[in-house]
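Here the structure is laid out as structure tokens; the discussion comes afterwards.
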């Protein structure tokens, strides 16, 4: 396949108000800075179709491109995906909740389901970590509700879009649109698997349907016995582009993980050297808190909330759901060192 030609992306002043780099770091078909004339025309077509239906928000070029890439540049399918997303936002009142959202039960929930952002990988992307071994939904629902958990999940997706990724893009000097996710399955065995994967699958549906094209890399670590075998079968059904993003690793994951995440950015419990004073899971350290790179998120300007963005759920996207398909298979609790089906 020929390398896509680099060309300046056509912007729409009415919607494209970017204060960070907007060219992809490498030539990739359909990505900003490497669009064909036809793809640029499809962006215009999709925007016109949405405007005709009365939509006025989120019509910037980068957002429309993500929806187009998610549907292989089929404009009609991208249109329907966008419309469904906007309906969901309206039904959940997400845009009203976002500026003033508070989630004081987060720390109490962390004892059952740690989910947090922590620094960046070697490509400059936010690193997002989930540890599923302690999930106890019965106990968690005594602390909060399923509705609040899902609302917080959506809020964190929004905070990835702004301010996390823009800050990372400024620091990197090029556009970054994805995250690097670490999903730790240590402790997930036969009895816990249905509860764990049932909830995670529900959360992943949100990422696939409403936040497309956010997966950069996904490392599933401490994968239990049987996971890799099932994965080797189902990956044949997936888009090769998605498969390349997913790495299934057993308990001997450190070498491969450290090839992507600098040791100083990876918590000690995963083989890195970072030990934040308040605990890595509580620090939310990253460029989005550095005055040199951080900016007030645009959604904050629509409300009176502070711009504090302590990390919680987000990212995993289309690849996470794919990995969960393998995870749904029964598997004993013990890990198999080095079990691996790396894409």
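Residue numbers (the UniProt record's numbering): 1 to 343. Think of the CB as a built atom: it goes at the ideal place given N, C-alpha and C, for glycine as much as any other residue.
(request) Report the three-state DSSP secondary structure of residue 89 (helix, strand or coil). (result) By one-based count along the chain shown, residue 89 stands at place 89. DSSP places residue 89 within a helical segment (H, G or I) once states are collapsed to three.
(request) Please confirm whether residue 103 and residue 43 have their CB atoms less than 9 Å apart. (result) Numbered from 1 along the chain shown, position 103 holds the residue referred to as residue 103. Numbered from 1 along the chain shown, position 43 holds the residue referred to as residue 43. Residue 43 is positioned such that its CB atom lies no closer than 9 Å to that of residue 103.
(message) Which complete beta strand (DSSP E) runs does the segment 99 to 163 hold, if anything under 3 residues is left out?
(response) Taken in chain order, the unbroken stretches of beta strand (DSSP E) that lie wholly in the segment 99 to 163 and span 3 residues or more are 115 to 120, 126 to 131.
(request) Out of 254, 203, 241, state which residue places its alpha-carbon closest to the alpha-carbon of residue 223. (result) On the chain shown, residue 223 is found 223 positions in, with the first residue counted as 1. Closest by alpha carbon: 254.
(request) Report buried or exposed for residue 117, applying the criterion of at least 16 other Cβ atoms within 10 angstroms of its Cβ. (result) The sequence position of residue 117 within the chain shown is 117, counting from 1. Buried, by the Cβ-count rule.
(message) Please state whether the Cβ-Cβ distance between residue 188 and residue 133 is less than 9 Å.
(response) Start at 1 with the first residue of the chain shown, and residue 188 comes out as number 188. Start at 1 with the first residue of the chain shown, and residue 133 comes out as number 133. Taking 9 Å as the Cβ cut-off, residue 188 and residue 133 qualify as a contacting pair.
(request) Using the Cα positions of residue 111 and residue 41, report the straight-line distance between them to the nearest angstrom. (result) As a first step, residue 111 is located in the chain shown; it is residue number 111 there, counting from the start. As a first step, residue 41 is located in the chain shown; it is residue number 41 there, counting from the start. Between residue 111 and residue 41, the C-alpha separation is close to 49 Å.
(request) State buried or exposed for residue 76, treating a residue as buried only when at least 16 other CB atoms are found within 10 Å of its CB. (result) By 1-based counting over the chain shown, the position of residue 76 is 76. With fewer than 16 other Cβ atoms within 10 Å, it is exposed.
(request) Mind checking who residue 220 pairs with in its DSSP beta bridge? (result) Indexing the chain shown from 1 puts residue 220 at position 220. Residue 220 pairs with 183, 248.
(message) Excluding the 5 residues flanking residue 32 on each side, which residues of the same chain have their C-beta closer than 7 Å to its C-beta?
(response) Within the chain shown, residue 32 is the residue found at index 32, counting from 1. The beta carbon of residue 32 sits closer than 7 Å to those of 9, 22, 23, 24, 62, 65, 175, all from its chain and outside the five residues before and after it, given in chain order.
(request) Please name the residue or residues paired with residue 267 in a DSSP beta bridge. (result) Working through the chain shown from its first residue, we reach residue 267 at position 267. Residue pairing of residue 267 in beta bridges, as defined by DSSP: 274.
(message) Measuring alpha carbon to alpha carbon, tell me which residue in 18, 60, 218, 265 is nearest residue 243.
(response) For this step, residue 243 is matched to residue 243 along the chain shown. Closest option to residue 243, Cα to Cα, is 218.
(request) For residue 215, name the three-state secondary structure that DSSP assigns. (result) Position 215 of the chain shown, counted from the start, is the residue given in the question as residue 215. If DSSP states are grouped into helix, strand and coil, residue 215 belongs with the strands.
(request) Taking only the alpha-carbon atoms, compute the straight-line gap between residue 74 and residue 259 and give it to the nearest angstrom. (result) Numbered from 1 along the chain shown, position 74 holds the residue referred to as residue 74. Numbered from 1 along the chain shown, position 259 holds the residue referred to as residue 259. Those two C-alpha atoms are separated by around 36 Å.
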